[in-house]
Amino acid sequence: MRKNKIWQSVRFGFLSFLLFSVPAFVSAQGFSYTPLEKIPFLDNTTGDLGLYFEGIYRLGLILIVISAVLMLVIGGFMYLTSAGNTSRLGTAKDVIRDAIIGLILAIIAYLILNVINPDLTKLQITGMAPVVGAPIEGQVVQVTGGRARTIVVDPNQYTHAEALAILNASGIRLSSSGNCSDQKNKSCTSLDGIPKSTIAKLVAFKQGCGCSPIITGGTEVGHATHGIGRPIVDIRRESISSYITKQPRCGTSSGRAIYRDPITGGDFWDENSEHFHVNFGKYCLN
Numbered sequence: 200m201r202k203n204k205i206w207q208s209v210r211f212g213f214l215s216f217l218l219f220s221v222p223a224f225v226s227a228q229g230f231s232y233t234p235l236e237k238i239p240f241l242d243n244t245t246g247d248l249g250l251y252f253e254g255i256y257r258l259g260l261i262l263i264v265i266s267a268v269l270m271l272v273i274g275g276f277m278y279l280t281s282a283g284n285t286s287r288l289g290t291a292k293d294v295i296r297d298a299i300i301g302l303i304l305a306i307i308a309y310l311i312l313n314v315i316n317p318d319l320t321k322l323q324i325t326g327m328a329p330v331v332g333a334p335i336e337g338q339v340v341q342v343t344g345g346r347a348r349t350i351v352v353d354p355n356q357y358t359h360a361e362a363l364a365i366l367n368a369s370g371i372r373l374s375s376s377g378n379c380s381d382q383k384n385k386s387c388t389s390l391d392g393i394p395k396s397t398i399a400k401l402v403a404f405k406q407g408c409g410c411s412p413i414i415t416g417g418t419e420v421g422h423a424t425h426g427i428g429r430p431i432v433d434i435r436r437e438s439i440s441s442y443i444t445k446q447p448r449c450g451t452s453s454g455r456a457i458y459r460d461p462i463t464g465g466d467f468w469d470e471n472s473e474h475f476h477v478n479f480g481k482y483c484l485n
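Structure below.
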């Protein structure tokens, strides 16, 4: 018997929660609806479905409070008139307890919605206005030297075509063993998703070094540390060696020197005979 009473209270609270949440959901959909019958607390019978449910919402809230208070009054009356009747006294306590539990659950449901999103109880859910002309996440873009494909556009990153245009205008070349720019192909050299700050530092490096950098590695797969969003590229060794080897060393890795470029603050690791592994996020701790 007690379990049934508790279950009824839980259902009462759940229905109360629905009364708060469903109208907000419907209001957000922007449906147009003309109700056939008026309900209390709704001024007219024209408008969208959200306004109609708002009237139901207000009416339901009042009915919940009235029902809980009525149950408390009935339970209190039964308790006062029990005259020592144990059975009647127990029933009165159950009624009072159920009324209090139901009212508490309704209040909790209301408070939860207010804490999570106050707009839900106001029945006004506003969306974000799209930014005109901004790239859309997941949009299909055309990249130079490759095929059209879906990539994630980040406002702090360039697509391959954007980065390549800036580098070419600055006199920085790009080389690929596969003569391609597919970021998912390790034989290609891709700049898809490269940080804008990395491109800016490459341009600054070109302007200050008096050399002609040739990039042989970008964000394409197949590298241990390269990738989308990482400030790392490979530059052909002979294209910058005469300049970078004159700069101060900041450390070593695998027995090979790491040079610190004073122009950009980037670290140039003399990784092998083919290229310098450049990290504008710095290798050296100092």
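The sequence shown begins at 200 in our numbering and counts up one residue at a time.
Just so you know, even glycine gets a beta-carbon here, dropped at the ideal spot from N, CA and C.
The structure displayed is predicted, hence computed values, not measured ones.
Keeping to the same chain, check which residues put their C-beta closer than 6 Å to that of A333; ignore five residues upstream and five downstream.
-> Taking the sequence shown and counting its residues from 1, the one referred to as residue 333 is at position 134. Since pLDDT at A333 reaches only 47, below the 50 mark, its modelled position is unreliable, and the value read off the structure follows with that caveat. Answer for A333: no residue qualifies.
Nearest-angstrom beta carbon gap, A298 and M270 [assumed within contact, 8 Å] | Taking the first residue of the sequence shown as position 1, residue 270 is located at position 71. Taking the first residue of the sequence shown as position 1, residue 298 is located at position 99. Going by Cβ atoms, the distance from M270 to A298 rounds to 3 Å, so yes, they are a contact pair.
C408 by DSSP, collapsed to three states: which one?
-> Here the question's residue 408 lines up with position 209 in the sequence shown. Helix at C408.
Own chain residues within Cβ distance below 8 Å of V432, not counting five before or after = Residue 432 sits at position 233 when you count from the first residue of the sequence shown. Correct list, in chain order: I393, T397, L401, I414, G416, G417, H425, V477.
Coil, strand or helix - H422 by DSSP | Residue 422 sits at position 223 when you count from the first residue of the sequence shown. H422 falls in the coil class under three-state DSSP.
With which residues is F467 paired in a DSSP beta bridge?
-> What you label residue 467 is simply residue 268 of the sequence shown in a count that begins at 1. Paired residue(s): Y458, V477.
For the alpha helix (DSSP H) holding S441, just list the boundary residues, first then last.
-> Along the sequence shown, read from residue 1 onward, the residue named residue 441 stands at position 242. Here the alpha helix (DSSP H) through S441 covers 436-443.
Reference N355, options A399, I371, R436, closest by Cα | Locating residue 355 in the sequence shown gives position 156, counting from the first residue. Selected option, being the one with the closest Cα: A399.
In the DSSP assignment, find the unbroken alpha helix (DSSP H) run with S369 in it and report its ends.
-> Here residue 369 refers to the residue found at position 170 of the sequence shown. Looking at the DSSP string, the run of the alpha helix (DSSP H) that includes S369 is 359-369.
Between I457 and the rest of its own chain, which residues show a CB-CB distance below 8 Å, the 5 nearest in sequence each way excluded?
-> Position 258 of the sequence shown, counting from 1, holds the residue named residue 457. R448, C449, G450, T451, D466, F467, W468, D469, Y482, C483, listed in sequence order.
Same chain, Cβ closer than 7 Å to V294, neighbours up to 5 away in sequence not counted = As a first step, residue 294 is located in the sequence shown; it is residue number 95 there, counting from the start. Taken in chain order, the residues that qualify are M270, I273, G274, M277.
What residue range is occupied by the uninterrupted beta strand (DSSP E) comprising C449?
-> If you number the sequence shown from 1, residue 449 lands on position 250. Its beta strand (DSSP E) spans residues 448-452.
Pull up the CB-CB distance for S389 and H422, whole angstroms please, since I reckon it's below 8 Å.
-> As a working mapping, residue 389 is identified with position 190 in the sequence shown. As a working mapping, residue 422 is identified with position 223 in the sequence shown. Going by Cβ atoms, the distance from S389 to H422 rounds to 11 Å, so no, they are not a contact pair.
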